[in-house]
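Engineer: With my numbering applied, the sequence shown covers 299 to 472.
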Amino acid sequence: MKSKLFILLVLLGFLSFPVLSQEKTKKELKAEKELKKQKEIETLVNAKNFVFEAQKANPQGGRLLNLDYNTYFLKFNEEKTTCDLPFFGRAYNVPYGGGDGGIKFEGVPENIKIEKKKKSYLIKTTIKGKDDAYNLLFTIFFDGSASLSVNSNNRGSISYDGLIEAPKTEEGKK
């Protein structure tokens with residue numbers, strides 16, 4: 299009776315061993331995937347060429363707003379940066395008619411400063427648009443998520459949460 303019980307326990311041990319080894323490989327695959335994403339983000343940051351897609355807006359003194367459509371972006375490049383983000387908040391000095399109410403500009407970033415933290419990058423820069431100057435502060439995490447804080451002379455500050463990705467080429471590929 300004891301020998302049958304011993305054999306049964308040994309068989310159960312052998313049967314559960316492949317399950318444990320699969321868990322280890324799943325963890326290894328996840329770690330490899332995270333490392334690959336981290337290297338991709340590091341390459342984008344060092345090249346100073348990426349696209350920030352806003353998913354949420356957090357105006358000063360307001361509540362968090364989900365942005366339903368992925369049409370809001372900031373294409374960052376050290377030669378030309380293009381921004382099309384919604385704005386919710388207080389405007390101090392806006393021309394009569396106010397335009398379309400968003401933060402839209404094109405310009406060349408000045409004084410780009412990149413700082414690597416434990417789990418993120420900080421990028422600070424200033425861009426002069428047609429009617430305003432914008433101070434941008436990116437916090438880019440290794441998993442591709444990011445936040446962007448925009449301060450300008452003519453509007454209240456606002457921050458956005460979203461994702462960083464490689465810019466699409468003209469053929470539509472990354």
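All C-beta atoms, glycine included, are put in the ideal place defined by N, C-alpha and C.
Please report the distance separating the alpha-carbon of Y419 from that of V448.
Structural biologist: 17 Å
Engineer: Taking C-alpha atoms, which residue in Y370, N391, A355, V349 lies nearest to K378?
Structural biologist: Looking at the Cα atoms, V349 is the closest of the given residues.
Engineer: Can you name the start and end residues of the beta strand (DSSP E) that V448 belongs to?
Structural biologist: 443-450
Engineer: Less than 8 Å between C-beta atoms, sequence neighbours within five positions excluded: which residues of the same chain meet that for K335?
Structural biologist: F440, D441, G442
Engineer: State yes or no: is the C-beta of L362 within less than 8 Å of the C-beta of N356?
Structural biologist: yes
Engineer: Please state if the CB of V343 and the CB of I425 are separated by a distance shorter than 8 Å.
Structural biologist: no
Engineer: If you draw a straight line from the C-alpha of L461 to the C-alpha of E351, how long is it?
Structural biologist: A straight-line Cα-Cα distance of about 5 Å links L461 and E351.
Engineer: Contact check, Y432 vs L446 under 8 Å by CB: the rounded distance?
Structural biologist: No, Y432 and L446 are not in contact; Cβ-Cβ is about 11 Å, not under 8 Å.
Engineer: Beta strand (DSSP E) containing T437: first to last residue?
Structural biologist: Element bounds for T437: 431-439.
Engineer: Select from A444, D382, N391 the residue whose C-alpha is nearest the C-alpha of R453.
Structural biologist: N391
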